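Enquirer:
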Amino acid sequence: MPPKASKSKEAPSERPILGRFSSHLKIGIVGLPNVGKSTLFNTLTKMSIPAENFPFCTIEPNEARVNIPDERFEWLCQLFKPKSEVSAFLEIHDIAGLVRGAHAGQGLGNSFLSHIRAVDGIFHVLRAFEDPDIIHVDDIVDPVRDLEVISAELRLKDIEFIERRIEDVEKSMKRSNDKQLKIELEMCQRVKAWLEDEKDVRLGDWKAADIEILNTFQLLTAKPVVYLVNMNERDYQRKKNKFLPKIHTWVQEHGGETIIPFSCVLERNLADMLPHEADKYCEENKVQSALSKIIKTGFSSINLIYFFTAGPDEGWYCCAHFPVWNFVFLGPAGLNCLLLQVKCWQIRRQTKAPQAAGTIHTDFERGFICAEVMKFNDLKELGSEPAVKAAGKYKQEGKTYVVQDGDIIFFKFNVSGGGKK
Ligand SMILES: Nc1nc2c(ncn2[C@@H]2O[C@H](COP(=O)(O)OP(=O)(O)OP(=O)(O)O)[C@@H](O)[C@H]2O)c(=O)[nH]1
Ligand SMILES: [Mg+2]
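Residue 1 is where the sequence shown starts when you use UniProt numbering, and the numbers rise one by one after that.
(1) So the beta strand (DSSP E) tyrosine 394 belongs to, where does it begin and stop?
(2) Tell me whether histidine 276 is buried or exposed, calling it buried when 16 or more other Cβ atoms sit within 10 Å of its Cβ.
(3) Between the C-alpha atoms of threonine 43 and proline 386, what's the straight-line distance to the nearest angstrom?
(4) Please list, following the chain, all residues that have a C-beta closer than 5 angstroms to any non-hydrogen atom of ligand 2.
(5) Could you name the residues of the same chain whose beta carbon sits closer than 6 angstroms to that of glycine 255, not counting the 5 residues immediately before and after it, in chain order?
(6) Looking at glycine 31 and ligand 4, is the gap between the Cβ and the nearest heavy atom below 7 angstroms?
(7) What are the boundary residues of the beta strand (DSSP E) that includes arginine 65?
(8) What does DSSP give as the partner residue(s) for phenylalanine 411 in the beta ladder?
(9) Could you check whether the Cβ of residue 422 sits closer than 7 angstroms to any heavy atom belonging to ligand 1?
(10) Take every Cβ of the stretch 207–216, pair it with every Cβ of the stretch 143–150, and state whether three or more of those distances are shorter than 8 angstroms.
(11) Check whether the stretch 128–147 touches the stretch 158–172, taking contact to mean three or more Cβ pairs, one atom from each stretch, closer than 8 angstroms.
(12) Can you say whether serine 151 is buried or exposed, counting buried as having 16 or more other CB atoms within 10 angstroms of its CB?
(13) Verify the contact flag: proline 33, CB atom, against every heavy atom of ligand 1, threshold strictly below 7 angstroms.
(14) Leaving out five residues on either side along the sequence, give the residues of the same chain with a beta carbon under 6 angstroms from the beta carbon of residue 422.
(15) Pair every Cβ in the stretch 350–359 with every Cβ in the stretch 79–98, then say whether three or more of these pairs are closer than 8 angstroms.
(16) Going by DSSP in three states, phenylalanine 89 sits in which element: helix, strand or coil?
(17) Buried or exposed: arginine 15, going by 16 or more other Cβ atoms within 10 Å of its Cβ?
(18) Below 6 angstroms CB to CB, which residues in the same chain sit around isoleucine 17 once its five sequence neighbours on both sides are set aside?
(19) Which class does tryptophan 206 belong to by DSSP, given the choice of helix, strand or coil?
(20) Of the choices Phe413, Gly392 and Asp235, whose alpha-carbon is the least far from that of lysine 399?
(21) Expressed to the nearest angstrom, what Euclidean distance is found between the alpha-carbon atoms of alanine 102 and glutamate 153?
(22) So, under 8 angstroms CB-CB, valine 86 and lysine 343 are touching, yes? Tell me the CB distance rounded to an integer number of Å.
(23) Alpha carbon to alpha carbon, how far is lysine 293 from aspartate 70? Give it in angstroms, no decimals.
(24) Terminal residues of the continuous beta strand (DSSP E) containing proline 261?
(25) Less than 7 angstroms separating the Cβ of serine 263 from some heavy atom of ligand 1?
(26) Determine the direct distance from the alpha carbon of isoleucine 260 to that of lysine 286, and round the result to whole angstroms.
(27) Go to tyrosine 236, then tell me how far its beta strand (DSSP E) extends in each direction, as first and last residue.
(28) Any heavy atom of ligand 1 closer than 7 angstroms to the CB of aspartate 131?
(29) Is it buried or exposed, alanine 104, if we count other Cβ atoms within 10 angstroms and call 16 or more buried?
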């Protein structure tokens, strides 16, 4: 029997997250022209990591899916020796450069801004390298000024959106007494005042009800940002760059999100080397690629996490319209079934067990009975599923369980009574 959901045991509900509720979220590379966005993007997509579990795949010239490097996933693959390994990925979009006045259409600004609206988070690339051969749109390299330009453009576009929304709501209020319209109008006015105060929407302390409305807007300044500071290789190697302290101060004053220094030139050179040459180069020059950190931070910034399944291919379960909980294929490494698979399933933070099960198949959500959950660290420490069970750490969780990053889950479901939808 699945565990009964007792109201008193339920964790206090977290505040809803700003942004789309989906497991298919994307991040866009944003910045002024000529700051190194496409070089970074190309390096990410060109990078070929020899292990099978890290293929990089390009969807379109300016969209790519980059696999998330994860030692836990590698460890699980070592343990289960599956026929198929599916890691988590981050979808990255390379967006053309924004310029001052973009919100008013400068430099094809509006279409670029619509590309930003379509993503869920922003890699904001800043130019902190000086090179007279590479033109800067504002002549002199000054990343703090660039930060101001980009953030102002995004804010101005949001103000334009909110003003239009206010007009629409006011028009509707003339025709209807709907209380919800009044609530929305009041919220839009607060958001407008906030933006006019030169503050980004994601930094506001909004109530849950506000967030529900905000999430229907997809405002540009509501999207999480990771700042990527592109510097020359020497600065990156010695961890010193004349612009970095000022960038740091600015970011602290504007929400304090993550800053990752990197060097496009170094990353491009490393990507052109054979893996052993790249390793040797990094060792000799005491440098490390920043790409892994960039990918992992980007993934987490857009509130994605993933859980693992380690068992038969989900295609196998999908044929089953009867209770399947006898078919537990987790076991010692030798007990491989033909379709044994270790797979990461990405979901948004705060996803509950039935919805997480639904990412595997809608039947899993529809007929959800319970989730059997092992924590990765318990499995690693104890070595096998039976050992985790023996230690009392193999848990049955019900409908209200909020899935945590790195959970290893076996779902029990039953759609025998209901048949197909
Ligand atoms: N010296 C130096 N040049 C760089 C660096 N990063 C990029 N570049 C060069 O700067 C130029 C522009 O780089 P891109 O990556 O195309 O810049 P972008 O930000 O995509 O530019 P737009 O697409 O025009 O917005 C290219 O010639 C790069 O080779 C760097 O770290 N140092
Ligand atoms: Mg570009």
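Quick reminder that beta carbons are idealized off the backbone N, C-alpha and C, glycines included.
All values derive from a computational prediction rather than experimental measurement.
Expert: To lay it out plainly:
(1) Element bounds for tyrosine 394: n/a, residue is neither H nor E.
(2) Under this definition histidine 276 is an exposed residue.
(3) 43 angstroms
(4) Lys37 and Ser38
(5) Leu203
(6) In the structure on display, ligand 4 does not appear, and the ligands it does have are ligand 1 and ligand 2.
(7) 63–67
(8) Ala371
(9) Because the chain here runs from 1 to 421, residue 422 falls outside it and cannot be looked at.
(10) no
(11) no
(12) buried
(13) Proline 33: yes, Cβ under 7 angstroms from ligand 1.
(14) Look at the range of the chain in this structure, 1 to 421, and you will see that residue 422 is not part of it.
(15) no
(16) strand
(17) Here arginine 15 is exposed: its Cβ has fewer than 16 other Cβ atoms, across all protein chains shown, within 10 Å.
(18) Asn303
(19) Three-state DSSP puts tryptophan 206 in coil, outside helix and strand.
(20) Phe413
(21) 6 angstroms
(22) 4 angstroms
(23) 11 angstroms
(24) 259–262
(25) Yes, Cβ of serine 263 sits closer than 7 angstroms to a heavy atom of ligand 1.
(26) 18 angstroms
(27) Not the beta strand (DSSP E): tyrosine 236 falls in the alpha helix (DSSP H), residues 233–238.
(28) Within the chosen limit of 7 angstroms, ligand 1 reaches the beta carbon of aspartate 131 through at least one heavy atom.
(29) exposed
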